[in-house]
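Participant: Have a look at this one.
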């Protein structure tokens, strides 16, 4: 019976059917099934499917955002029921488009996929000053600060965040990831970022890898 | 007639709406509705369609769509709306020709039609790609101006001032913008074409304050240059962008205002059909919200940041036919390649993009090479090649363009996700003479020969160069 419920969870998330996701997640809790298993076999699988479908453009951004909302609704019900020793926590991310840049579609895709993959994401929006990003990261004890910039004229804001962290002696406290239209692997290395991704799916993989690496050291 | 003041008033008093609500429940939802209602369907086997009724359906769908969704002002959280009469009236009164440039380099930008023999306007250069130093900037712009078919220039973006990285909204941006125009004008003088218009003024200026400062006549910008004003994806604006328009109009530069619009295939637009409708709707936003005289659409792939895939070629062709068949608007398509400079793949992409756009009735800006993101990865060969293909396409039937594009696509489409980076300017060109290397010229010549075999005729007439 649990397999059937997990399948329904998967299908409901992929279809963006938040109502069904909530119903099934509640059923998982009421029937005292393992919520962690429901996340791993239900929600997480659908997150992978969604990422793959979006990469191939079998689904589009509106579908992805609606599915991510459904996923979040499921997580909100299942996560509080996981015993502390088994806590499911992929990591906390503070994300924003850097100061001077008003573009947010790429960032929104990354936010949706990170959330769908179980990250706790604080999206600060666009045109965010360096100090606000760092302040929020400290407040929520973020693992990752993720910085988006679309234009070659605005990517300097990514360097500013890293330099600021260095200057206040907090560089080692956070993983810093960069991405967006004008950024490249070379740029990420030049400014001393920990990770770079060209697509949203890559961003999820890089974020997962970097958090795992940090926790294992 | 709708004025800029009307636009501002509507931005302050229009229907309030949360941004996410606008994206998902207003924009995406209505777009899906009109695509279904008009039965618009993408055909992967026909990247350059010849179906006039498809083009007209896309135009009418975009008209219905824009009347419903309007433009979202991110500063006020309100929707700026226009009714059908206002759009149609503005379509009638928008400029049907504009003169850019001065003296011997002045030319008239005119509308085209599908399969028209009217030479395409060639807006040539970097597509705003970044360069590392002023020396390369000067050399590149001088080379662009030396391209015989260039009608106007798009400069690269300087990324630093005296070694300090430029940040938007800071004095660095203002100083960088001033340097950008001073250097560009000097490069045009060195090329012997001092009157050539700069139509992307200015790649370094993100904010209104930087552009407005650089408008001082001492720096070299002219009322006969072009001024790009961005549409925030999708169909959004803000007060900083409207400030640019207001300043340009108030200071007498209003004729050159351009609405640049890059709808994202795979984003809120959904598939190719929705992207084509949004690209047409962006023209309506341009004439009303920005009071634009000309238009620079560049629909792009959300994952690849380029527009050479079959879907984007179809979007390019369909929006171009929709606009050129139903209006006299002055529209130039901007192409972005996935591959970097001096690669065969890059040349194939450019050829397919220019064939699709020019045979479908618009002019061109070329070219954002390698997604216009890698510093110094740009050479004069690609824009020169683009202008030559564009002219070789004039008068070509859409059916014929479609057949050639179908031959070109298999040569690169599998590599779009992982394209070659190509070479830097300093690896292609002699920094003293500006001449491209033999190896790079061979790539250009090889692809050009292949296109000749496919039926393109490369000859430049008096009419082409003015």
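Residue numbers (my numbering), protein chains in the order written: chain C, 293 to 509; chain V, 818 to 1283.
Each residue gets a CB set at the ideal place from its N, CA and C atoms; glycine is no exception.
#1: Quick check on the DSSP output: what are the complete alpha helix (DSSP H) runs of length 4 or more inside the segment 963 to 990 of chain V, in order along the chain?
#2: Expressed to the nearest angstrom, what Euclidean distance is found between the alpha-carbon atoms of residue 433 of chain C and residue 1227 of chain V?
#3: Look at residue 441 of chain C and residue 491 of chain C and say whether their C-beta atoms are less than 8 Å apart.
#4: Considering just the uninterrupted stretch of the alpha helix (DSSP H) at residue 306 of chain C, what are its terminal residues?
#5: Where does the unbroken beta strand (DSSP E) through residue 915 of chain V begin, and where does it stop?
#6: In chain order, what residues of the same chain have a beta carbon less than 7 Å from the beta carbon of residue 403 of chain C, not counting five sequence neighbours either side?
#7: With a floor of 4 residues, list each alpha helix (DSSP H) that falls wholly inside the segment 1147 to 1194 of chain V, ordered by position along the chain.
#8: In chain V, which residues lie less than 7 Å from residue 448 of chain C when you measure between Cβ atoms?
#9: Take every Cβ of the segment 1177 to 1185 of chain V, pair it with every Cβ of the segment 1132 to 1141 of chain V, and state whether three or more of those distances are shorter than 8 Å.
#10: Taking residue 451 of chain C as the query, report the chain V residues whose CB atoms sit under 8 Å from its CB, ordered along the chain.
#11: With distances taken Cα to Cα, identify the nearest neighbour of residue 996 of chain V among V:977, V:1009 and V:1005.
#12: For residue 438 of chain C, which three-state DSSP category applies?
#13: Could you check the C-alpha separation between residue 989 of chain V and residue 949 of chain V for me, to the nearest Å?
#14: Name the chain V residues that come within less than 7 Å of residue 440 of chain C, Cβ to Cβ?
#15: When Cβ atoms are compared, which residues of the segment 454 to 472 of chain C fall closer than 8 Å to chain V?
#16: Is the CB of residue 1223 of chain V under 8 Å away from at least one CB in chain C?
#17: Please report the distance separating the alpha-carbon of residue 1203 of chain V from that of residue 934 of chain V.
#18: My output table needs one value for residue 832 of chain V: the three-state DSSP class, helix, strand or coil.
#19: Chain V beta carbons: is any one of them nearer than 8 Å to that of residue 406 of chain C?
#20: At the level of alpha carbons, what is the spacing between residue 1153 of chain V and residue 1191 of chain V?
#21: Can you tell me which of V:973, V:840, V:884 and V:1040 puts its alpha carbon nearest to the alpha carbon of residue 919 of chain V?
#22: Name the residue from V:973, V:1160 and V:1083 whose alpha carbon lies nearest to the alpha carbon of residue 849 of chain V.
#23: Just checking: is the beta-carbon of residue 839 of chain V within a distance shorter than 8 Å of some beta-carbon in chain C?
#24: Output needed in chain order: residues of the segment 951 to 975 of chain V with a Cβ under 8 Å from some Cβ in chain C.
#25: Enumerated in chain order, which unbroken segments of the alpha helix (DSSP H) with a length of 4 residues or greater are wholly contained in the segment 363 to 418 of chain C?
#26: Is the segment 325 to 332 of chain C in contact with the segment 462 to 482 of chain C, if contact means three or more CB pairs nearer than 8 Å?
#27: Can a CB atom of chain C be found closer than 8 Å to the CB of residue 1049 of chain V?
#28: With DSSP as the reference, label residue 420 of chain C as helix, strand or coil.
#29: Where does residue 1074 of chain V fall in DSSP's three states?
#30: Note the first and the last residue of the continuous beta strand (DSSP E) segment covering residue 467 of chain C.
#31: So if I threshold CB-CB distances at 7 Å, which residues from the segment 1059 to 1092 of chain V count as touching chain C?
#32: Taking the beta carbon of residue 1205 of chain V as the centre, do at least 16 other beta carbons fall within 10 Å, making it buried, or is it exposed?
#33: Determine whether the beta carbon atoms of residue 316 of chain C and residue 327 of chain C lie at a separation below 8 Å.
#34: Can you pull the chain C residues whose beta carbon is under 8 Å from the beta carbon of residue 1055 of chain V, in chain order?
#35: Answer yes or no: do residue 1081 of chain V and residue 1119 of chain V have a C-beta to C-beta separation smaller than 8 Å?
#36: Classify residue 902 of chain V as buried or exposed, calling it buried when 16 or more other Cβ atoms lie within 10 Å of its own Cβ.
Facilitator: On the basis of the supplied data:
#1: none
#2: 49 Å
#3: no
#4: 294 to 306
#5: 915 to 917
#6: 387, 413 and 415
#7: 1161 to 1176
#8: 982, 983 and 984
#9: yes
#10: 982
#11: V:977
#12: strand
#13: 15 Å
#14: In chain order: nothing, as chain V lies at least about 14 Å away.
#15: none
#16: no
#17: 17 Å
#18: strand
#19: no
#20: 13 Å
#21: V:1040
#22: V:1083
#23: no
#24: 974
#25: 397 to 408
#26: no
#27: yes
#28: strand
#29: strand
#30: 467 to 471
#31: 1081, 1083, 1084, 1085, 1087 and 1088
#32: buried
#33: no
#34: 394
#35: yes
#36: exposed
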